[in-house]
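K.L.:
Here's a structure for you.
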Amino acid sequence: MDVIAVFRTFFEEQEHAWVRSASLVPQDTSVLFTTAGMQQFKPYYSGEPSPYGNRVVSVQKCFRADDLAEVGDSNHLTFFEMLGNFSFQYPDGENSYFKEQAIRMGYEFVAERLGLAIEYVTIFEGDEHTPRDTESERIWNELAAEKDITLPVYGENRDENFWGPTGSEGPCGPTSEIYVDGVEIWNLVFNQYYQHQDGTLEHQSNQGVDTGGGYERILAVVEQTESVFQTSVFADVMAYIQDMFPDLALEHQRIIADHLRSALFLSADGVTPSNKEQGYVLRRLIRKVLSLAGMKEESLPGLSKIGEKFKEEYVERYPELEDGLVNYTTHLESEFETFSQALRQGLKQAHKMLKGREDNVLTGEEAFKLSASHGLSPELMRLNGIEFDEEAFEAERERHREVSRAGAEHKFGGHGLALDTGELKAEDADEVKVVTRLHSATHLLNQALRDVLGEDVVQKGSDINVKRTRFDFSYPRKLTEEEKQQIESRVNQFIEEAHDLEVTEMPLAEARQSGAIYLEHESYPDPVKIHQFGTASKEFCGGPHVENTADIGTFQITKEEAVAQNVRRIRGVVR
Ligand code: SER
Numbered sequence: 000m001d002v003i004a005v006f007r008t009f010f011e012e013q014e015h016a017w018v019r020s021a022s023l024v025p026q027d028t029s030v031l032f033t034t035a036g037m038q039q040f041k042p043y044y045s046g047e048p049s050p051y052g053n054r055v056v057s058v059q060k061c062f063r064a065d066d067l068a069e070v071g072d073s074n075h076l077t078f079f080e081m082l083g084n085f086s087f088q089y090p091d092g093e094n095s096y097f098k099e100q101a102i103r104m105g106y107e108f109v110a111e112r113l114g115l116a117i118e119y120v121t122i123f124e125g126d127e128h129t130p131r132d133t134e135s136e137r138i139w140n141e142l143a144a145e146k147d148i149t150l151p152v153y154g155e156n157r158d159e160n161f162w163g164p165t166g167s168e169g170p171c172g173p174t175s176e177i178y179v180d181g182v183e184i185w186n187l188v189f190n191q192y193y194q195h196q197d198g199t200l201e202h203q204s205n206q207g208v209d210t211g212g213g214y215e216r217i218l219a220v221v222e223q224t225e226s227v228f229q230t231s232v233f234a235d236v237m238a239y240i241q242d243m244f245p246d247l248a249l250e251h252q253r254i255i256a257d258h259l260r261s262a263l264f265l266s267a268d269g270v271t272p273s274n275k276e277q278g279y280v281l282r283r284l285i286r287k288v289l290s291l292a293g294m295k296e297e298s299l300p301g302l303s304k305i306g307e308k309f310k311e312e313y314v315e316r317y318p319e320l321e322d323g324l325v326n327y328t329t330h331l332e333s334e335f336e337t338f339s340q341a342l343r344q345g346l347k348q349a350h351k352m353l354k355g356r357e358d359n360v361l362t363g364e365e366a367f368k369l370s371a372s373h374g375l376s377p378e379l380m381r382l383n384g385i386e387f388d389e390e391a392f393e394a395e396r397e398r399h400r401e402v403s404r405a406g407a408e409h410k411f412g413g414h415g416l417a418l419d420t421g422e423l424k425a426e427d428a429d430e431v432k433v434v435t436r437l438h439s440a441t442h443l444l445n446q447a448l449r450d451v452l453g454e455d456v457v458q459k460g461s462d463i464n465v466k467r468t469r470f471d472f473s474y475p476r477k478l479t480e481e482e483k484q485q486i487e488s489r490v491n492q493f494i495e496e497a498h499d500l501e502v503t504e505m506p507l508a509e510a511r512q513s514g515a516i517y518l519e520h521e522s523y524p525d526p527v528k529i530h531q532f533g534t535a536s537k538e539f540c541g542g543p544h545v546e547n548t549a550d551i552g553t554f555q556i557t558k559e560e561a562v563a564q565n566v567r568r569i570r571g572v573v574r
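Numbering-wise, the sequence shown is residues 0 to 574 according to numbering that gives the first Met the number 0.
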């Protein structure tokens with residue numbers, strides 16, 4: 000069955016306008032990647048008229064960096080396609096619909112067009128902030144009675160059945176999910192709310208529907224395969240990889256397939272490997288594959304060939320892959336070069352650590368350090384004859400995972416952290432982008448406080464997450480409205496002046512004399528990095544920062560309060 004054709008035809012019959020997939024690199028710069036079909040339609044959920052009408056249907060290219068660590072099992076992917084139908088501006092918008100029709104169409108598509116037996120459905124059970132979605136519950140029960148089928152409807156909590164927003168603010172709402180063979184195959188999101196930057200929910204007068212189902216997962220159910228990697232999308236490539244790397248574990252073969260498909264699509268959307276943002280993610284994907292392939296130059300043609308096979312599979316629907324393949328191959332080759340260099344450094348470091356040691360075996364901690372900082376993965380250490388305490392290495396890796404997990408649970412209720420410098424915390428690559436802007440804004444704020452309140456102001460602490468920056472500093476009294484206004488304006492002036500970032504590294508003693516801001520009692524590495532934005536700010540720091548202050552957006556102080564005697568706290572956001 001051609002699932003995509005069936006899907007498109009069904010929703011076009013229901014008067015939905017077909018909209019092409021947007022790029023994997025979204026226009027909305029508060030997120031790094033397109034992670035859902037609704038993203039390109041975000042404005043139409045909050046009042047802006049949709050140029051396509053109020054019913055649309057799409058197959059959207061998506062990339063979810065937070066699933067990176069999970070890839071290798073039977074159904075996690077970094078890149079995937081999402082089928083979805085959408086409705087905007089209900090109830091006043093012409094032709095718009097809400098729960099009743101969305102549920103009925105979802106049912107008809109899954110049960111009658113795809114011919115799948117729905118096992119059960121879920122609805123949001125409600126909590127202290129948001130009521131139970133009794134409307135969806137009623138609609139499902141009525142539908143089951145009408146069709147004379149048994150259809151259990153289970154209530155689920157916020158973690159499971161409340162969606163969005165993507166990025167730092169936007170539409171969101173309760174969801175209802177359809178399960179087949181234990182797999183969540185369709186997700187209906189009812190956007191009744193708008194979540195603001197500060198986390199507050201506003202009831203929307205115009206409501207929307209956002210539905211989605213991962214194509215590969217649906218295909219696995221339709222084609223009755225045990226994993227997405229056995230579906231028709233992957234079968235050919237997996238056979239090729241099994242041939243090319245017969246000794247690799249299945250998990251690693253799957254990682255190669257997933258990562259190279261993502262690398263091809265990202266390359267086709269203009270992403271280039273680098274040390275920041277989307278480029279950093281692409282670099283990680285490629286380096287992981289190169290590492291699994293044993294860092295052998297001879298494997299490059301085969302890895303290119305895998306990209307070519309994916310291109311053939313998809314090019315009819317995504318013509319950008321034609322040129323994308325050229326970029327993909329170039330990126331594989333250039334990453335092979337730069338990664339080789341980094342590894343040589345790592346190996347040098349390893350030999351230095353081992354020098355004069357009798358057992359010639361790295362400790363778990365040393366090996367972990369090499370793998371984290373030089374990309375010298377366990378596979379590559381083994382390959383290069385570096386012995387290390389494998390058990391201790393695993394223990395060390397687990398310890399690090401737990402540290403970030405513990406921090407993550409505390410902050411975000413259970414998701415893994417993509418960035419945690421102590422000062423900056425971000426849950427996924429999308430959030431990294433926002434906290435990076437907030438971080439640079441915080442440097443400007445530090446300088447602005449000195450400019451407005453005097454040079455005696457000293458930083459006492461700083462904590463940044465996707466919602467806000469929180470900055471503590473020494474000052475004996477409450478700030479006046481006028482002072483707050485001046486500080487905010489000063490930061491925005493620095494932003495408008497569009498200062499480029501310049502990073503220099505120098506011996507600590509010299510750095511202390513350089514006029515850069517630093518904390519008296521903090522221990523810094525030697526040499527230390529200084530991040531400078533032209534004449535606006537100069538500070539000891541490890542990053543990450545925006546390239547130019549203009550990338551920050553607009554800075555706003557949201558709160559000023561006391562935290563201790565002679566210590567004030569400012570909270571601020573960027574927009
Ligand atoms: N946006 C929702 C999701 O990603 C439904 O499309 O699951």
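For glycine and all other residues, C-beta sits at the position ideal for the given N, C-alpha and C.
1. Need the endpoints of the beta strand (DSSP E) that T174 sits in, please.
2. Any chance the region 333 to 343 sits against the region 294 to 306, with 3 or more Cβ pairs inside 8 Å?
3. Does the distance between the C-beta of D429 and the nearest non-hydrogen atom of ligand 1 fall short of 6 Å?
4. Tell me the DSSP bridge mates of M81?
5. Going along the chain, which residues of its own chain have a beta-carbon closer than 6 Å to the beta-carbon of F40, five neighbours each way excluded?
6. Going by beta-carbon coordinates alone, are V573 and G552 separated by less than 7 Å?
7. DSSP three-state label for F264, please.
8. Considering Cα atoms alone, identify which of R131, P42, V188 and L369 is closest to Y96.
9. Can you check which of these residues, E509, E519, Q485 and Y474, is closest to Q564 by C-alpha distance?
10. To which residues of the same chain is I177 closer than 7 Å at the C-beta, ignoring the five residues directly before and after it?
11. State the start and end residues of the unbroken beta strand (DSSP E) segment that holds S333.
12. Can you tell me which of V56, R467, Y214 and P173 puts its alpha carbon nearest to the alpha carbon of L113?
13. So, H498 versus A440, is the Cβ gap smaller than 7 Å?
14. Less than 7 Å separating the beta-carbons of V58 and H15?
15. From this set, G363, S513, V562 and A101, which residue's C-alpha is nearest G207's C-alpha?
16. Can you find the residues in the same chain that come closer than 8 Å, C-beta to C-beta, to T33, ignoring five residues on each side of it along the sequence?
17. Count the other CB atoms, across all protein chains shown, that sit within 10 Å of the CB of D242; report buried if there are 16 or more and exposed otherwise.
18. For G406, which three-state DSSP category applies?
19. Using 10 angstroms around the beta-carbon of E408, count the other beta-carbons present and answer buried if the total reaches 16, otherwise exposed.
20. Apart from the five residues on each side of it in sequence, which residues of its chain come closer than 8 Å, Cβ to Cβ, to G412?
21. Are the CB atoms of G211 and M81 within a distance shorter than 7 Å?
22. With C-beta atoms as the reference, is L493 less than 7 Å away from I569?
23. Am I right that I138 and K98 are in contact with their C-beta atoms under 8 Å? What's the rounded C-beta distance?
24. Which class does K558 belong to by DSSP, given the choice of helix, strand or coil?
25. How about A234 and V227: are their beta carbons less than 7 Å apart?
26. Which value, in whole angstroms, describes the spacing of the CA atoms of E321 and Y313?
27. Does P524 pass the burial test, meaning 16 or more other C-beta atoms within 10 Å, or should it be called exposed?
28. With DSSP run on the structure shown, which of helix, strand or coil describes V24?
P.N.:
Checking against the coordinates, here is how it stands:
1. Counting from 1 along the sequence shown, the entry for residue 174 is found at position 175. That run of the beta strand (DSSP E) goes G169 to V179.
2. yes
3. Here residue 429 corresponds to residue number 430 of the sequence shown, with the count starting at 1. It does not: the Cβ of D429 is nowhere closer than 6 Å to a heavy atom of ligand 1.
4. Mapped onto the sequence shown, residue 81 falls at position 82. Answer is Q59 and G213.
5. One-based indexing of the sequence shown puts residue 40 at position 41. These residues qualify, in order along the chain: F85.
6. For the purposes of this step, residue 573 is identified with residue 574 of the sequence shown, where counting begins at 1. For the purposes of this step, residue 552 is identified with residue 553 of the sequence shown, where counting begins at 1. Contact: yes.
7. The residue given as residue 264 occupies position 265 in the sequence shown. In this structure, F264 counts as helix in the three-state DSSP scheme.
8. In the sequence shown, the residue the question calls residue 96 occupies position 97. Ranking R131, P42, V188 and L369 by Cα distance to Y96 puts V188 first.
9. Here residue 564 refers to the residue found at position 565 of the sequence shown. Residue Y474 is the option with its Cα nearest to Q564.
10. By 1-based counting over the sequence shown, the position of residue 177 is 178. Only G105, V109, I117, V120, I184 and W185 meet the Cβ criterion.
11. Numbered from 1 along the sequence shown, position 334 holds the residue referred to as residue 333. S333 -> not in any beta strand (DSSP E); alpha helix (DSSP H) instead, spanning L320 to L353.
12. Counting from 1 along the sequence shown, the entry for residue 113 is found at position 114. Nearest option by C-alpha distance: Y214.
13. In the sequence shown, residue 498 corresponds to position 499, counting from 1. In the sequence shown, residue 440 corresponds to position 441, counting from 1. No, the Cβ-Cβ distance between H498 and A440 is not below 7 Å.
14. Counting from 1 along the sequence shown, the entry for residue 58 is found at position 59. Counting from 1 along the sequence shown, the entry for residue 15 is found at position 16. It is not a contact, given that the beta carbons lie outside the stated cut-off.
15. Position 208 of the sequence shown, counting from 1, holds the residue named residue 207. Taking only the C-alpha atoms, the option nearest G207 is A101.
16. For the purposes of this step, residue 33 is taken as residue 34 along the sequence shown, with counting starting at 1. Cβ neighbours of T33 beyond the five flanking positions: A21, S22, L23, V24, P25, Q39, Q59, K60, C61 and F62.
17. Looking up residue 242 in the sequence shown gives position 243. Classification for D242: exposed.
18. Working through the sequence shown from its first residue, we reach residue 406 at position 407. Bear in mind that a pLDDT of 46 at G406, under 50, signals an unreliable position, so the model cannot answer this.
19. Within the sequence shown, the letter at position 409 stands for residue 408. At E408, the pLDDT of 37 sits below 50, so the modelled position is not reliable; the number obtained from the coordinates is stated separately. Exposed is the call here.
20. Residue numbering aside, residue 412 sits at position 413 when the sequence shown is read from its first letter. Residue placement at G412 is poorly supported in this model, since its pLDDT is 31, which falls under 50; the coordinates still yield a value, given next. Contacts found: D158.
21. Against the sequence shown, residue 81 aligns to sequence position 82. Against the sequence shown, residue 211 aligns to sequence position 212. Against a cut-off of 7 Å, the Cβ pair of G211 and M81 comes out as a contact.
22. Stepping through the sequence shown from its first residue, residue 493 is reached at position 494. Stepping through the sequence shown from its first residue, residue 569 is reached at position 570. The question names Leu, but residue 493 in the sequence shown is Phe. Against a cut-off of 7 Å, the Cβ pair of I569 and F493 comes out as no contact.
23. Counting from 1 along the sequence shown, the entry for residue 138 is found at position 139. Counting from 1 along the sequence shown, the entry for residue 98 is found at position 99. With a Cβ gap of about 6 Å, I138 and K98 count as contacting.
24. Looking up residue 558 in the sequence shown gives position 559. Strand.
25. One-based indexing of the sequence shown puts residue 234 at position 235. One-based indexing of the sequence shown puts residue 227 at position 228. Contact flag unset, no.
26. Counting from 1 along the sequence shown, the entry for residue 321 is found at position 322. Counting from 1 along the sequence shown, the entry for residue 313 is found at position 314. Cα-Cα distance, rounded: 10 Å.
27. Mapped onto the sequence shown, residue 524 falls at position 525. Flag for P524 reads exposed.
28. As a first step, residue 24 must be located in the sequence shown, where it is residue number 25. It is coil, neither helix nor strand.
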